[in-house]
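Participant: Next up is a structure, given as structure tokens.
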Amino acid sequence: MTFFRKKLVFKYKREKDNEKEKWHEYPAVNLILGEGENAFETAAIIDSGSDFCFISEEIAEILNLKLDAEDEAEVLGGGLIKIRPSKVKMTLVRGNNQISLGFISVFVGINIKTKESDMGIVLGRNPIFDVFKITFEQYKKRVIFEKVDPKWRQY
């Protein structure tokens with residue numbers, strides 16, 4: 000049974016860097032990606048410095064996403080990556096509580112391998128931060144998602 004709540008609290012994910020033998024903690028949420036037989040639950044990094052949401056090419060293949068024409072995008076540091084826009088259904092999950100995000104625009108990185116995380120999903124500001132008040136509580140190692148009443152949006 001699924002319950003709807005206006006507020007979900009997620010603990011930071013903890014991951015060990017075996018090369019440096021150090022632990023890293025970062026804000027992340029649990030998501031259900033896709034719908035139907037290809038849907039699966041996974042974790043995604045919350046990145047307030049990213050304008051958009053990104054998923055890996057491997058995840059796009061698992062979900063059988065329809066990809067739009069290839070383009071280039073500039074990333075932090077001035078580098079260029081090849082991207083392909085698409086949309087994927089996303090649902091925030093915390094125990095029995097779920098909040099549907101609907102179909103979210105994402106960019107699929109083409110032949111990009113990140114060495115910083117094997118998660119493969121980044122939730123950026125657009126459109127996630129438009130529909131949620133997101134609070135990072137670094138001192139408590141948690142991130143809070145609260146649904147925003149549409150009448151309070153500033154546009």
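Each residue of the sequence shown is one higher than the one before, starting from 0 at the first, in numbering that gives the first Met the number 0. Every residue, glycine too, gets a C-beta built ideally from N, C-alpha and C.
(1) Put Ala59 into one of helix, strand or coil per three-state DSSP.
(2) Count the other CB atoms, across all protein chains shown, that sit within 10 Å of the CB of Ser55; report buried if there are 16 or more and exposed otherwise.
(3) Identify the residues that DSSP records as bridge partners of Gly108: which are they?
(4) Could you tell me the distance, in whole angstroms, from the CA atom of Arg93 to the CA atom of Phe106?
(5) Below 8 Å on the Cβ atoms is my contact criterion, and I expect Gly108 with Lys88 to pass it. Report the Cβ-Cβ distance as a whole number of Å.
(6) Out of curiosity, what's the CA-to-CA distance linking Leu122 and Ala38?
(7) For Ala27, count neighbouring C-beta atoms within 10 Å of its own C-beta (all shown protein chains included) and say buried if the count is 16 or more, exposed if not.
(8) Quick check: what's the CA-CA separation for Ile31 versus Phe128?
(9) In the DSSP assignment, what residue or residues form a beta bridge with Glu136?
(10) Taking the alpha-carbon of Glu36 as reference, which of Lys5, Lys6, Ser104, Ile61 has the nearest alpha-carbon?
(11) Does DSSP put Asn37 in a helix, a strand or coil?
(12) Which residue or residues does DSSP assign as beta-bridge partners of Asp16?
(13) Please identify the residue among Arg83, Ser85, Glu24 whose C-alpha is closest to the C-alpha of Glu136.
(14) Alpha carbons only, please: which of Ser47, Gly48, Gly33 is nearest the one belonging to Thr41?
Facilitator: Let me spell this out:
(1) Residue 59 sits at position 60 when you count from the first residue of the sequence shown. Helix, per DSSP.
(2) Within the sequence shown, residue 55 is the residue found at index 56, counting from 1. Burial call: buried.
(3) In the sequence shown, counting from the first residue as 1, residue 108 sits at position 109. DSSP lists Ser55, Ile82 as partners of Gly108.
(4) Position 94 of the sequence shown holds residue 93. Position 107 of the sequence shown holds residue 106. Each residue's alpha carbon lies about 25 Å from the other.
(5) The residue you call residue 108 lines up with position 109 of the sequence shown. The residue you call residue 88 lines up with position 89 of the sequence shown. That belief does not hold up - the Cβ atoms of Gly108 and Lys88 are roughly 20 Å apart, past 8 Å.
(6) Your numbering for residue 122 matches position 123 in the sequence shown. Your numbering for residue 38 matches position 39 in the sequence shown. Cα-Cα distance, rounded: 18 Å.
(7) Taking the first residue of the sequence shown as 1, we reach residue 27 at position 28. When all chains shown are included, Ala27 counts as buried.
(8) Here the question's residue 31 lines up with position 32 in the sequence shown. Here the question's residue 128 lines up with position 129 in the sequence shown. C-alpha separation (whole angstroms): 18 Å.
(9) For the purposes of this step, residue 136 is identified with residue 137 of the sequence shown, where counting begins at 1. Paired residues: Arg141.
(10) As a working mapping, residue 36 is identified with position 37 in the sequence shown. Of the listed residues, the one whose Cα sits closest to Glu36 is Ile61.
(11) Working through the sequence shown from its first residue, we reach residue 37 at position 38. Here Asn37 sits in helix by DSSP.
(12) The residue you call residue 16 lines up with position 17 of the sequence shown. Asp16 pairs with Lys21.
(13) Looking up residue 136 in the sequence shown gives position 137. Of the candidates Arg83, Ser85, Glu24, the one whose C-alpha sits nearest the C-alpha of Glu136 is Glu24.
(14) Position 42 of the sequence shown, counting from 1, holds the residue named residue 41. Cα-wise, what sits closest to Thr41 is Gly33.
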